[in-house]
Structure formats: C-alpha cells, structure tokens
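Trainee:
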Amino acid sequence: MKLKQMGVALMMALGLSCNASGGTTVLERLREMHQMLMDPEQIFSISATMTELDALAAKIPSGDSPARGEVDFLRGYVHGRKGESAEAVHFTREALRIDAVTSFLTENDRNYALYRLAVNAKDAGEWEIAIDAYKRVIPRFARNPALDDSQRLGMQENLGFCLHEAGKYAEAMTINKKVLAGGERLFGAKSPELLNVINNLAQNAYELKDYVAARIYLERRLKIAAQHEEVFHVDDSLFQLGVLAFEQGQPKEAEDFMKRRLELARKSGDEDRIKNAEEDLRVLYEKGSDA
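For the numbering used here, count along the sequence shown from 1 and bump the result up by 12.
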C-alpha cells in the first residue's frame, strides 16, 4: 500500500508554527526560523540555514533548554530535508528528550517531530527507534483530520515493515493483517494498493515457517499484479514462488515458475527484465545440480 506524500500537507493541516515576537534574543530568532521553516510556502537555503543554526547554537546560554531544544528540532528537520536520516534521527531525538524535561514544543510540533523521527529512523535502518516512534505517533494521528485513512494505514504498514526488519515477525504479521483488512475496505480486495502489504505478509509467514500461508499470499499478489500489469510485482512474485517451491523440495515446480517469468520477460522485450530472469533461472539450475 502506498503511503501518500505527507510532508507539506501534514504541516499545513497541523498548523505547525511558533509565535515569534520579532525580538533579537537567540530563542526569539530560533522561533522566527521555526515559523519560517514550517511554512510550506517558504523557500529557504539549506546550507545558509545550517550555518545560521550553528552560529546561534554557539550563543545559547548555559541552561537555556528551550533554545537548545529549538536548535535540535530545526537541525533535525533540515537534516531530514537533506536526506541525512541518521543525523535527523540524532537531533530529533535530542529535541524530544529536552521537550520531555522542559516543554518547549506545541502538541502539533511534538507530534510532527515524532512522525519525522519514525520516518528518518526507518530510512536509517534504526528499527527499534522507528518502532517506538511509530507506536507513539500512530495513536496521536488516529483521529486527526489532517490525515486520511490511506495515510493512517501507510503509517501502520511502515510499522509492520520495521517490526519485520527487527525480527519481530509475529508482531509484524499481526499489524500487517490489520493493514490488509483496512486496505480491502478502503480500496477493494483486488486493488494494486494492496500489493506491498500482501508481499510483507508473505515475508512474515515465511520467516515464521508457515510456508503454506506464504504461498497463498504470493499467489494472491501474483494474481492482482497480473490483472493490473504491475510488472515488478509479477516478476518478484514468480521469483519468490520459485524459491519457495525449490526450498520445499519441488524443483520442477520451481523451474516452471522461473520459466514462466522468463517467458513474460521475453514477450515484453525489456532487456534488463530478460537478463534478470535468465540469471535467476541459471542460478536455480546450478543449485539443482548441487543438491
């Protein structure tokens, strides 16, 4: 299921802002920057912003927790905009830590920081941090009119993904089953919007050694993908079905899946698709000869 782009829309809907007084203290300037950076209509220079934040950080008086928190909040945001997920995680966590001791964020800012922490931790592969952040932010957004049902499901799907990557397969499957049920209600049982979560469920089942369930999910994924000409999902489903069959001691069935994939690739005329299918079939034959 595809999570809709939430950045600008979420900031606008949450009304993220900070009332700057127009003064010249470090904290007042930080709040002015906060208001500007959270305004989706504003364009700003990332490098110039980071330079100013560094300069302001050097001027923060000892013990000024709100100012320190604001610097870290804004640094986390800017690093996230730069695609520097690990740095964004570090500064956003520090801002939230300070806020927990000395509150300086509005409720909306706090929720948005948690959301950004979850997303950046996921991107950085910091699974436990991402899991904790998603678990904290999902209930806060459950009834928030800023998000639609698809976006809420998307956050839950991301939580399921992180749980799987952390090796918590049973918990991931529980979440993903709820996402699938919600997606079916929202999009219909044959919608291509379900392809990712169905694949995630197949992976959950495989890791839990429920190979029958894994195959059922993969076959459903393949059927939906074929109906909607979702080429990646078609090819990957056939590949995974082939691997699963081979591991279950069914080399002929595995070969059939791989050959079916190659036939579709050749019909498409896509050279990369053909090359990948041929290579995977070759590897299958090699593994078969070694068995």
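We treat Cβ as the ideally placed atom computed from N, Cα and C, and that holds for glycine.
Spatial neighbours of L15 within its chain, please: CB distance less than 6 Å, with the 5 preceding and 5 following residues excluded, ordered by chain position.
Mentor: For L15, the predicted structure reports a pLDDT of 43, less than 50, and the residue's modelled location is therefore unreliable. The matter cannot be settled from this model.
Trainee: Between E53, R128 and N123, which lies nearest to R87 when the distance is taken from Cα to Cα?
Mentor: R128
Trainee: With H, G and I counted as helix, E and B as strand and the rest as coil, what does DSSP make of G254?
Mentor: helix
Trainee: In the DSSP assignment, find the alpha helix (DSSP H) that holds G172 and state where it starts and stops.
Mentor: D161 to E177
Trainee: Can you grab the Cα-Cα spacing for the pair Q47 / E40, in whole Å?
Mentor: Rounded to whole angstroms, Q47 to E40 spans 11 Å at the Cα level.
Trainee: How would you call R109, buried or exposed, if buried means at least 16 neighbouring beta carbons within 10 angstroms?
Mentor: The Cβ neighbour count for R109, taken over all protein chains shown within 10 Å, is under 16; the residue is labelled exposed.
Trainee: If I measure Cβ to Cβ from V101 and keep anything under 8 Å in the same chain, skipping five residues before and after, which residues do I get?
Mentor: G88, L129, N132, A133, A136, E138 and I141
Trainee: Pick from V246, L220 and D222: whose alpha carbon is nearest that of E231?
Mentor: V246
Trainee: Please list the segments of the alpha helix (DSSP H) lying wholly inside the segment 206-261, counting only runs of 4 or more residues, in order along the chain.
Mentor: 207-219, 223-239 and 243-259
Trainee: Would you call the segment 166-177 in contact with the segment 206-215, where contact means no fewer than 3 C-beta pairs closer than 8 Å?
Mentor: yes
Trainee: Do the segment 215-234 and the segment 248-266 meet, that is, are 3 or more Cβ pairs less than 8 Å apart?
Mentor: yes
Trainee: For S74 and R80, what's the separation of their Cα atoms in angstroms?
Mentor: Those two C-alpha atoms are separated by around 9 Å.
Trainee: Helix, strand or coil, according to DSSP, for G137 in the structure here?
Mentor: coil
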